[in-house]
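Residue numbers for the sequence shown follow full-length UniProt numbering, beginning at 1 and rising by one. For reference, the structure is listed below as structure tokens.
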Amino acid sequence: MLDFGSGEPLPAALTLEAVHAAVASERYHVLGAPSTKMLTRISGTGLAPWEIHRPQKFVRDLVLRGCFSGRVLDAGCGIGDNALFIAKACPQAHVTAVDVSPRCVAFATAKAGLRRMTSGLITLEKFVRDLVLRGCFSGRVLDAGCGIGDNALFIAKACPQAHVTAVDVSPRCVAFATAKAGLRRMTSGLITLETASLTEPEPERQAACVSSPASDGTFDVVLDSSTFHCFCDADRELYAASLRRLLRPGGKLFVNCMSEAETRPGGPRRVSVAELLSMFNRQSGWEVEVIEDSVIELHPTFWGGQTVSRLYTVRKL
């Protein structure tokens, strides 16, 4: 049971729904604000409404404005998402993050360990953010399998020199991403979101943004964040053919997929270097330029928040 300090313990175990209902209920408030006792009980569980497991939008905006350098104090860091992001995105800063809640600090410290953060400088294993910091996105960018849009929206915001087209086979994912874009007031000039399959054998059955002959060879960069490893062998062939059709000669494809070094049961197919090279090689019109160890970040409650992957930089010949 979880007692939120009102004398009325919740009958259920600690769940996302129970925590959110308690925060919204007036009986757990004092003078219009959530009671300190309730906040103490739920902060650092990862379930509080404000524990969103990503940096706040205003923090991302401040980073893009260059507001963080030198010694930075995050006063009331919660579970650490803002502090971790600042430290990764701003190598000129050293971040000290403090919170009154030991559980919050323990949660943030666990994230730091999972993300291989050093004591001298907090570092995140966010491969998309790393690519942004390297200046890898410009011109026409295709996010192939965008999910709910987090990577695409971040690239569109952080890289004003890029126009991002983000597609996913799931209409629900695209609707979610579109709603996010609306809430963030992102215009159609910055990002295009469409439902589309890149494994259709007939391009005319795909969405117009990737099926029109006018789209062939027009994308400068393709991002594959955990898409390739979801396909069967036959669909891998169709997918690679679609990407080759859409990329311009010399265009770059970034593929982050789960490695065979991940031995825990469940999840998508593991992809070895040999498997990737059997699909993307000079005979098929590609050259793999760089292979890097990477991670795929997950919800903190699943597999400790990340899994082992590889990031491939592939050039279309």
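Ideal placement from N, C-alpha and C gives every residue a C-beta, glycine not left out.
Can you tell me which of the three DSSP states residue i falls into?
i, result
"A75", "strand"
"R134", "coil"
"L183", "helix"
"H53", "coil"
"K157", "helix"
"T192", "strand"
"S278", "helix"
"G66", "coil"
"G113", "helix"
"S272", "coil"
"D168", "strand"
"S242", "helix"
"S226", "coil"
"L317", "coil"
Can you check whether the CB of residue j is closer than 8 Å to the CB of residue i?
i, j, result
"L193", "V222", "no"
"V169", "S197", "yes"
"R310", "I291", "yes"
"T307", "L298", "yes"
"V100", "I86", "no"
"N256", "D224", "yes"
"V288", "V314", "yes"
"V98", "C67", "no"
"H53", "D81", "yes"
"P201", "L142", "no"
"A152", "C146", "yes"
Return the bridge partner residues of residue i from the DSSP annotation.
i, result
"Q306", "E297"
"H94", "R71"
"Y312", "V255, I291"
"H163", "R140"
"F176", "Answer by DSSP bridge pairing: none, since F176 is not bridged."
"F219", "L247"
Assuming residue i and residue j are in contact, meaning their beta carbons sit under 8 Å apart, how far apart are those beta carbons, in whole angstroms?
i, j, result
"G149", "A108", "About 26 Å; that fails the 8 Å criterion."
"W303", "R264", "6 Å"
"V210", "V167", "6 Å"
"C173", "F254", "Not confirmed; about 20 Å, so no contact."
Please determine, among the options, the residue with the shortest C-alpha to C-alpha distance to residue i.
i, options, result
"R140", "G189, F228, C232, D233", "G189"
"K71", "Q92, T218, I155", "The sequence shown places Arg at residue 71, not Lys. For the residues Q92, T218, I155, the minimum Cα distance to R71 belongs to Q92."
"V132", "K157, R172, A110, A144", "K157"
"A83", "A112, C232, R103", "A112"
"T227", "P300, I296, I79", "I296"
Under 8 Å, Cβ to Cβ, is there at least one residue of chain B near residue i?
i, result
"S69", "This model lacks chain B altogether, as it is built from one protein chain only."
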